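No gaps in the numbering here: position 145 of the sequence shown is 145 in this note's numbering, and each next residue is one more.
The beta-carbon is built from N, C-alpha and C at its ideal position, and this holds for glycine as well.
Bear in mind that the values here come from a model prediction, so they are computed numbers and not experimental data.
Note sheet for the following structure.
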Amino acid sequence: MEMRLRPESARRLRIKNPDLKGEILDKLINGAHGMFRWIAVQLDYFCDLPSDFDLQEALKSLPPDFFSSYARLLVRINKMTTTTQDVVARVLKWITHNIIPVEALLEALSVKPGIRRLDPTKRLDVDEILMFCGNLVRLTSDGRYIELAHLRSKNF
Numbered sequence: 001m002e003m004r005l006r007p008e009s010a011r012r013l014r015i016k017n018p019d020l021k022g023e024i025l026d027k028l029i030n031g032a033h034g035m036f037r038w039i040a041v042q043l044d045y046f047c048d049l050p051s052d053f054d055l056q057e058a059l060k061s062l063p064p065d066f067f068s069s070y071a072r073l074l075v076r077i078n079k080m081t082t083t084t085q086d087v088v089a090r091v092l093k094w095i096t097h098n099i100i101p102v103e104a105l106l107e108a109l110s111v112k113p114g115i116r117r118l119d120p121t122k123r124l125d126v127d128e129i130l131m132f133c134g135n136l137v138r139l140t141s142d143g144r145y146i147e148l149a150h151l152r153s154k155n156f
């Protein structure tokens with residue numbers, strides 16, 4: 001069974017045991033307390049898990065709220081390379097202080113301070129940004145902007 005998480009990034013939650021799907025749905029619905037974004041954050045985390053066993057273990061320790069979910073996301077980001085961490089930090093700085101089209105954001109991210117030329121080999125694509133930033137950001141429905149996924153993302 002495959003559950004599509006984000007059409008734009010084609011990330012999938014792969015579950016081999018069909019009974020596990022029902023268990024995941026029950027746990028997420030019961031733990032969400034009406035918070036759809038909480039479910040999205042959990043599913044994003046589950047997509048990084050390699051096996052049904054790991055999914056079952058994750059279900060035993062679901063974060064109780066947004067704050068805990070975002071803390072777990074930051075732990076994941078902190079395990080990334082320093083270059084990737086820098087990209088995440090720069091994306092968040094740009095989108096929390098500006099409304100900037102995706103193309104302009106990608107161009108801005110490819111320029112480093114002190115360098116005057118654009119280097120096309122440093123240009124990222126939208127899917128990479130979404131993957132690196134996890135559920136802190138999302139692509140707008142028209143695909144023109146990357147924005148904070150939720151107001152709580154900014155507060156966090």
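Quiz item: Ordered along the chain, which non-local residues of its own chain (more than five positions away) have a Cβ less than 8 Å from that of Gln85?
Solution: Ile77 and Asn78
Quiz item: Just reading off the alpha helix (DSSP H) that Val87 is part of, what are its end residues?
Solution: Segment Thr82 to His97, the alpha helix (DSSP H) holding Val87.
Quiz item: Quick one, which of Leu28, Arg138 and Leu20 has its alpha-carbon nearest Val88's?
Solution: Minimum Cα-Cα distance from Val88 among the listed residues Leu28, Arg138 and Leu20 corresponds to Arg138.
Quiz item: Which value, in whole angstroms, describes the spacing of the CA atoms of Leu118 and Glu107?
Solution: Whole-angstrom Cα-Cα distance: 8 Å.
Self-check item: Secondary structure of Ile24, DSSP reduced to three states
Solution: helix
Quiz item: Quick one: is Ile99 buried, meaning 16 or more other Cβ sit within 10 Å of its Cβ, or exposed?
Solution: exposed
Quiz item: According to the Cβ coordinates, are Trp38 and Ser61 closer than 8 Å?
Solution: no
Practice problem: Go to Leu148, then tell me how far its beta strand (DSSP E) extends in each direction, as first and last residue. | Solution: Ile146 to Leu148
Quiz item: From Leu74 to Gln56, what distance separates their C-alpha atoms?
Solution: Computed Cα separation, rounded: 22 Å.
Self-check item: For Val126, three-class secondary structure by DSSP
Solution: In the three-state reduction of the DSSP assignment, Val126 falls in the helix class, which pools H, G and I.
Quiz item: Which term fits Ile95, buried or exposed, when burial requires 16 or more other beta carbons within 10 angstroms of its beta carbon?
Solution: Looking at its Cβ environment, which holds 16 or more other Cβ atoms inside 10 Å, Ile95 is buried.
Quiz item: Skipping 5 residues on each side, what residues in its chain have a beta carbon closer than 7 Å to that of Arg144?
Solution: For Arg144, where only same-chain residues beyond five positions count, the Cβ hits under 7 Å are Pro101 and Val102.
Exercise. Output yes if chain D places a C-beta closer than 8 Å to the C-beta of Val102; else output no.
Key: Chain labels in this structure do not include chain D; a single protein chain is all it has.
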